[in-house]
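In the working numbering, the protein residues as written are 4 to 144. For reference, the structure discussed in these notes is given below.
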């Protein structure tokens, strides 16, 4: 993967531009695993195995890839201790902590609107228990 270099051009910070550096960064960090890793790390410093336990369902490979990506983007700091076996710890950097605030708000939003989203999904697929509403009525007609 070729990483774009920031030259100070305003076009590079435009998320709407397909080849902007901002879009590349956004694409990196806006995935479920990265967001869950950021939320799991929080204010703590964790070893790889601890992050693996905190993020239910993530594979060893996906955790490795996402931690490397977060480190490459300066959001996670990786510390290796010269022991046998090697001890490796991960912690959020200052920019990572800043992004964590946004991730935490997204987690709160998801929990707050879970019922509404589940109802909307049911109406969309026609499996809702709701007996009214324009979409439900059109599905039954």
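All C-beta atoms, glycine included, are put in the ideal place defined by N, C-alpha and C. Since this is a predicted model, take the numbers as computed values, not measurements.
Terminal residues of the alpha helix (DSSP H) in which residue i lies
i           : result
residue 105 : 97–128
residue 31  : 24–32
residue 66  : 63–75
residue 37  : 35–44
In DSSP terms, what residue i is bridged to
i          : result
residue 50 : 92
residue 80 : 94
Contact set for residue i: own chain, Cβ-Cβ below 8 Å, skip 5 residues either direction
i           : result
residue 144 : Unreliable positioning characterises residue 144 in this predicted model, as indicated by a pLDDT of 36, which lies under 50. A coordinate reading is not provided.
residue 77  : 96, 98, 99
residue 29  : 18
residue 49  : 43, 57, 92, 93, 94
residue 55  : 61, 63, 66
Integer-rounded CB distance, given that residue j should sit under 8 Å from residue i
i           : j          : result
residue 69  : residue 36 : 5 Å
residue 65  : residue 31 : Not confirmed; about 14 Å, so no contact.
residue 103 : residue 45 : 7 Å
Cβ-based neighbour list, residue i, same chain, cut-off 7 Å, excluding 5 preceding and 5 following
i           : result
residue 116 : none
residue 83  : 89, 91
Cut-off 6 Å between Cβ atoms - residues of its own chain near residue i, not counting five sequence neighbours on either side
i           : result
residue 106 : 38, 41, 42
residue 74  : 81
residue 128 : none
**Segment contact, 8 Å Cβ cut-off, at least three pairs: the segment 86–94 with the segment 33–48** = yes
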